[in-house]
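Q: When we follow my numbering, the leftmost residue of the sequence shown carries the number 4, and every step to the right adds one.
Heads up, the beta-carbon is just placed ideally off N, CA and C, and yes, glycines get one too.
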Amino acid sequence: MIVSTPTGSTGYNMSCGGPIVFPESGSFVITPIAPHNLNVRPIVIPDSTVVSFEVEGRGEEMICNLDARRAIVSKEIQLAIKREQFEVSLVRLNEGSFLSTLRSKLTWGYDKRN
């Protein structure tokens, strides 16, 4: 299961079929990784929501990844994700908008034959 912020929505979330979310949207995206059921789909929720998980599985432990950090935790643990009170300032270059950057990086609307 992937839980991403709008900033993270164009990374691993997108590669697993999740939506791209505008940076100002104030939301989380929950995206399943390789679901075995076609009815399991990504969902966008408000970032004021606390998301909690209880894990079911055959093993006694699971791997939990957060950006570049990784931990092995007991399956008995309950994970909770929430938006923090503080914000991080990001540098924005005046080279283009969010959509123009996506168009360029994802080659939307470009004819590769020319």
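1) Return the residue from the list 27, 75 and 94 that minimises the CA-CA distance to residue 9.
2) Which residue's Cα is closest to the Cα of residue 78: 59, 90, 91 and 68?
3) Contact between the stretch 71-89 and the stretch 46-57: three or more CB pairs below 8 Å?
4) May I ask you to verify whether the stretch 13-20 touches the stretch 29-36, counting CB pairs closer than 8 Å and requiring at least 3?
5) How about residue 45 and residue 21: are their beta carbons less than 7 Å apart?
6) In the DSSP assignment, what residue or residues form a beta bridge with residue 72?
7) Run the CB neighbour count on residue 66, radius 10 Å, all protein chains shown included, and call it buried at 16 or more, exposed below.
8) If you measure between the beta carbons of residue 12 and residue 5, is that distance less than 7 Å?
A: Straight from the coordinates:
1) Nearest in C-alpha terms to residue 9, of all of 27, 75 and 94, is 27.
2) Ranking 59, 90, 91 and 68 by Cα distance to residue 78 puts 59 first.
3) Contact check between the stretch 71-89 and the stretch 46-57: three or more CB pairs, one atom from each, fall below 8 Å, which counts as touching.
4) Because the criterion of three Cβ pairs below 8 Å is met, the stretch 13-20 and the stretch 29-36 touch.
5) Cβ atoms of residue 45 and residue 21: closer than 7 Å.
6) In DSSP, residue 72 forms a bridge with 69.
7) It is exposed - the Cβ of residue 66 has fewer than 16 other Cβ atoms within 10 Å.
8) Taking the C-beta atoms as reference points, residue 5 is found no nearer than 7 Å to residue 12.
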